[in-house]
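Here is the structure we will look at, set down as C-alpha coordinates.
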Amino acid sequence: MRFSIYLPPEAKSKPLPVLYFLSGLTCTEENFMAKAGAQQFAAKYGLILVVPDTSPRNTGIKNENDSWDFGTGAGFYLDATLEPWKKHYQIYSYVVKELPELIAKNFPIQPDKQSIFGHSMGGHGALICAIKNPAKYQSISAFAPIAAPMCCPWGEKAFSNYLGSNQENWRDYDASELILNYGYSHPILIDN
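FYI, in my numbering the residues of the sequence shown are 41 to 232.
Printed below as a string of C-alpha coordinates:
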(Lines of atoms letter the chains of each structure in order from A and count residues from 1; the text may use other names and numbers.)
(Lines give C-alpha, C1' and ligand atoms only; values in the text may rest on other atoms or scores of the structure.)
Protein backbone atom coordinates (compact mmCIF):
# COMPACT_ATOMS: atom_id res chain seq x y z
CA MET A 1 0.00 0.00 0.00
CA ARG A 2 1.08 3.52 -0.71
CA PHE A 3 0.13 6.80 0.90
CA SER A 4 0.78 10.52 0.51
CA ILE A 5 1.54 12.78 3.43
CA TYR A 6 1.74 16.54 3.85
CA LEU A 7 3.69 17.96 6.79
CA PRO A 8 3.11 21.66 7.47
CA PRO A 9 6.11 23.79 8.50
CA GLU A 10 5.19 23.50 12.21
CA ALA A 11 5.88 19.75 12.07
CA LYS A 12 9.61 20.55 12.23
CA SER A 13 9.23 21.84 15.78
CA LYS A 14 6.33 19.97 17.40
CA PRO A 15 3.84 17.11 17.01
CA LEU A 16 0.60 18.02 15.25
CA PRO A 17 -2.93 16.62 14.80
CA VAL A 18 -3.39 14.27 11.85
CA LEU A 19 -6.25 14.22 9.36
CA TYR A 20 -6.81 11.13 7.18
CA PHE A 21 -8.54 11.55 3.82
CA LEU A 22 -10.05 8.50 2.12
CA SER A 23 -10.48 8.81 -1.63
CA GLY A 24 -13.26 7.55 -3.86
CA LEU A 25 -13.46 4.93 -6.60
CA THR A 26 -10.58 4.82 -9.10
CA CYS A 27 -8.41 7.23 -7.10
CA THR A 28 -4.88 6.79 -5.81
CA GLU A 29 -3.02 8.37 -2.91
CA GLU A 30 -2.20 11.30 -5.21
CA ASN A 31 -5.61 12.52 -6.45
CA PHE A 32 -6.63 14.49 -3.37
CA MET A 33 -3.14 15.85 -2.76
CA ALA A 34 -2.79 17.08 -6.35
CA LYS A 35 -6.30 18.44 -6.91
CA ALA A 36 -7.86 19.62 -3.64
CA GLY A 37 -5.48 22.40 -2.62
CA ALA A 38 -5.88 21.26 0.99
CA GLN A 39 -2.22 21.77 1.86
CA GLN A 40 -2.73 25.54 2.22
CA PHE A 41 -5.37 24.93 4.89
CA ALA A 42 -3.34 22.22 6.58
CA ALA A 43 -0.44 24.68 6.79
CA LYS A 44 -2.69 27.46 8.12
CA TYR A 45 -4.24 25.25 10.83
CA GLY A 46 -1.23 23.07 11.64
CA LEU A 47 -2.57 19.72 10.43
CA ILE A 48 -0.75 16.74 8.99
CA LEU A 49 -2.65 15.26 6.01
CA VAL A 50 -2.43 11.55 5.24
CA VAL A 51 -4.02 10.03 2.13
CA PRO A 52 -3.81 6.25 1.62
CA ASP A 53 -4.36 4.56 -1.71
CA THR A 54 -7.84 3.08 -2.20
CA SER A 55 -6.64 -0.49 -2.67
CA PRO A 56 -3.52 -2.59 -3.08
CA ARG A 57 -2.12 -2.67 -6.59
CA ASN A 58 -0.36 -5.29 -8.69
CA THR A 59 -1.19 -8.17 -6.35
CA GLY A 60 -1.34 -10.71 -9.17
CA ILE A 61 -5.03 -11.43 -8.55
CA LYS A 62 -6.64 -12.54 -11.81
CA ASN A 63 -9.03 -9.92 -13.25
CA GLU A 64 -8.17 -7.41 -10.50
CA ASN A 65 -7.93 -4.60 -13.09
CA ASP A 66 -10.96 -5.53 -15.20
CA SER A 67 -13.51 -3.19 -13.62
CA TRP A 68 -13.34 0.43 -12.50
CA ASP A 69 -15.70 -0.19 -9.56
CA PHE A 70 -14.23 -3.40 -8.15
CA GLY A 71 -10.67 -4.58 -7.49
CA THR A 72 -7.85 -2.15 -8.15
CA GLY A 73 -8.89 1.35 -7.06
CA ALA A 74 -12.03 0.03 -5.36
CA GLY A 75 -11.14 -1.60 -2.04
CA PHE A 76 -14.27 -0.20 -0.35
CA TYR A 77 -12.37 0.20 2.94
CA LEU A 78 -13.41 -3.25 4.17
CA ASP A 79 -11.58 -6.44 5.13
CA ALA A 80 -12.32 -9.02 2.42
CA THR A 81 -13.19 -12.52 3.61
CA LEU A 82 -13.34 -14.32 0.24
CA GLU A 83 -10.51 -15.67 -1.90
CA PRO A 84 -8.64 -14.40 -3.78
CA TRP A 85 -9.23 -10.98 -2.20
CA LYS A 86 -8.78 -11.70 1.50
CA LYS A 87 -4.98 -11.93 1.43
CA HIS A 88 -4.46 -8.39 0.11
CA TYR A 89 -7.74 -6.51 0.48
CA GLN A 90 -7.69 -5.77 4.23
CA ILE A 91 -8.24 -2.07 3.73
CA TYR A 92 -10.32 -1.42 6.85
CA SER A 93 -7.59 -2.86 9.10
CA TYR A 94 -4.97 -0.96 7.14
CA VAL A 95 -6.74 2.40 7.58
CA VAL A 96 -7.73 1.92 11.22
CA LYS A 97 -4.69 0.11 12.61
CA GLU A 98 -1.67 -0.43 10.35
CA LEU A 99 -1.43 3.01 8.71
CA PRO A 100 -1.89 5.02 11.95
CA GLU A 101 0.80 2.90 13.64
CA LEU A 102 3.16 3.51 10.71
CA ILE A 103 2.43 7.25 10.74
CA ALA A 104 2.89 7.49 14.54
CA LYS A 105 6.27 5.73 14.34
CA ASN A 106 7.64 7.91 11.56
CA PHE A 107 6.03 11.34 11.76
CA PRO A 108 5.47 13.97 14.50
CA ILE A 109 1.76 13.43 15.14
CA GLN A 110 -0.38 13.82 18.22
CA PRO A 111 -1.89 10.30 18.34
CA ASP A 112 -4.78 11.46 20.51
CA LYS A 113 -5.79 14.02 17.86
CA GLN A 114 -6.75 12.07 14.76
CA SER A 115 -9.68 12.79 12.44
CA ILE A 116 -10.97 11.18 9.26
CA PHE A 117 -12.89 12.30 6.19
CA GLY A 118 -13.49 11.14 2.66
CA HIS A 119 -15.38 11.43 -0.61
CA SER A 120 -17.81 8.94 -2.21
CA MET A 121 -16.39 5.45 -1.52
CA GLY A 122 -13.94 7.23 0.79
CA GLY A 123 -16.82 8.93 2.57
CA HIS A 124 -18.22 5.45 3.12
CA GLY A 125 -14.83 4.41 4.49
CA ALA A 126 -14.59 7.41 6.81
CA LEU A 127 -18.07 6.75 8.17
CA ILE A 128 -17.52 3.07 8.90
CA CYS A 129 -14.06 3.62 10.40
CA ALA A 130 -15.31 6.32 12.76
CA ILE A 131 -18.60 4.68 13.72
CA LYS A 132 -16.81 1.44 14.59
CA ASN A 133 -14.02 3.29 16.45
CA PRO A 134 -15.60 6.33 18.15
CA ALA A 135 -12.69 6.88 20.57
CA LYS A 136 -10.09 6.93 17.78
CA TYR A 137 -11.23 9.97 15.79
CA GLN A 138 -11.93 13.53 16.98
CA SER A 139 -14.10 14.32 13.96
CA ILE A 140 -15.64 12.67 10.92
CA SER A 141 -16.73 14.23 7.64
CA ALA A 142 -18.03 12.66 4.45
CA PHE A 143 -18.58 14.31 1.09
CA ALA A 144 -21.23 12.60 -1.09
CA PRO A 145 -20.60 9.30 0.68
CA ILE A 146 -21.90 5.91 -0.33
CA ALA A 147 -23.82 5.85 2.96
CA ALA A 148 -25.90 2.71 2.35
CA PRO A 149 -23.72 0.47 0.12
CA MET A 150 -25.98 -2.54 0.72
CA CYS A 151 -28.63 -0.68 -1.28
CA CYS A 152 -26.67 0.42 -4.34
CA PRO A 153 -25.13 -1.45 -7.29
CA TRP A 154 -21.52 -0.47 -6.44
CA GLY A 155 -21.85 -1.71 -2.86
CA GLU A 156 -23.72 -4.87 -3.82
CA LYS A 157 -21.02 -5.75 -6.35
CA ALA A 158 -18.17 -5.09 -3.94
CA PHE A 159 -19.77 -6.70 -0.90
CA SER A 160 -20.83 -9.88 -2.70
CA ASN A 161 -17.37 -10.36 -4.21
CA TYR A 162 -15.33 -9.37 -1.14
CA LEU A 163 -17.62 -10.67 1.64
CA GLY A 164 -19.87 -13.32 0.06
CA SER A 165 -23.59 -13.60 -0.53
CA ASN A 166 -24.71 -13.56 3.12
CA GLN A 167 -25.95 -10.00 3.52
CA GLU A 168 -25.72 -10.25 7.32
CA ASN A 169 -21.94 -10.05 6.85
CA TRP A 170 -22.34 -6.86 4.85
CA ARG A 171 -23.85 -4.96 7.78
CA ASP A 172 -20.41 -4.53 9.37
CA TYR A 173 -19.41 -2.27 6.48
CA ASP A 174 -22.61 -0.31 5.85
CA ALA A 175 -22.74 3.04 7.69
CA SER A 176 -26.55 3.12 7.73
CA GLU A 177 -26.63 -0.29 9.40
CA LEU A 178 -23.75 0.50 11.76
CA ILE A 179 -25.36 3.67 13.06
CA LEU A 180 -28.43 1.62 14.01
CA ASN A 181 -26.39 -1.02 15.83
CA TYR A 182 -23.44 0.88 17.28
CA GLY A 183 -25.00 4.26 17.82
CA TYR A 184 -22.67 7.20 17.55
CA SER A 185 -22.66 10.18 19.90
CA HIS A 186 -20.16 12.45 18.12
CA PRO A 187 -21.16 14.94 15.41
CA ILE A 188 -20.90 13.73 11.81
CA LEU A 189 -20.63 16.24 8.96
CA ILE A 190 -22.07 14.93 5.71
CA ASP A 191 -22.29 17.12 2.62
CA ASN A 192 -23.71 16.07 -0.71
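Ideal Cβ placement from N, Cα and C applies to all residues, glycine included.
Asked                                                                                                                                                                              : Found
For the segment 124–177, which segments carrying the alpha helix (DSSP H) assignment without a break, of at least 4 residues, lie completely within its bounds, in sequence order? : 139–146, 161–172
Could you tell me the boundaries of the beta strand (DSSP E) in which Leu89 lies?                                                                                                  : 88–92
List the endpoints of the continuous beta strand (DSSP E) containing Ile45.                                                                                                        : 43–46
Pull up the distance between the alpha-carbon of Gly86 and that of Pro55, whole angstroms please.                                                                                  : 9 Å
Leu65 and Ser200: beta carbons closer than 8 Å?                                                                                                                                    : no
With a threshold of 7 Å on Cβ separation, who are the neighbours of Trp210 within its own chain once the five nearest residues in sequence on each side are excluded?              : Met190, Phe199, Leu203
With a threshold of 7 Å (Cβ to nearest heavy atom), would Val136 be considered close to the ligand SAH?                                                                            : The ligand content of the structure shown is nil, which means the ligand SAH is not present either.
Beta carbon of Met73, beta carbon of Val91: below 8 Å?                                                                                                                             : yes
Can you find the residues in the same chain that come closer than 7 Å, C-beta to C-beta, to Ile219, ignoring five residues on each side of it along the sequence?                  : Ile171
When you compare only the Cα positions, how much space is there between Phe81 and Phe110?                                                                                          : 32 Å
Take Ile180 as the anchor and find which of Leu229, Ile88, Phe43 has the nearest alpha-carbon.                                                                                     : Leu229
For Pro57, name the three-state secondary structure that DSSP assigns.                                                                                                             : strand
Which one of Gly158, Ser53, Lys75, Tyr117 has the shortest CA to CA distance from Asn232?                                                                                          : Gly158
Assign Asp152 to one of two classes, buried (16 or more other C-beta atoms within 10 Å of its C-beta) or exposed (fewer than that).                                                : exposed
Can you tell me where the beta strand (DSSP E) with Leu229 in it begins and where it stops?                                                                                        : 228–231
When the Cβ atoms of the segment 91–110 are set against those of the segment 120–137, are three or more pairs found closer than 8 Å?                                               : yes
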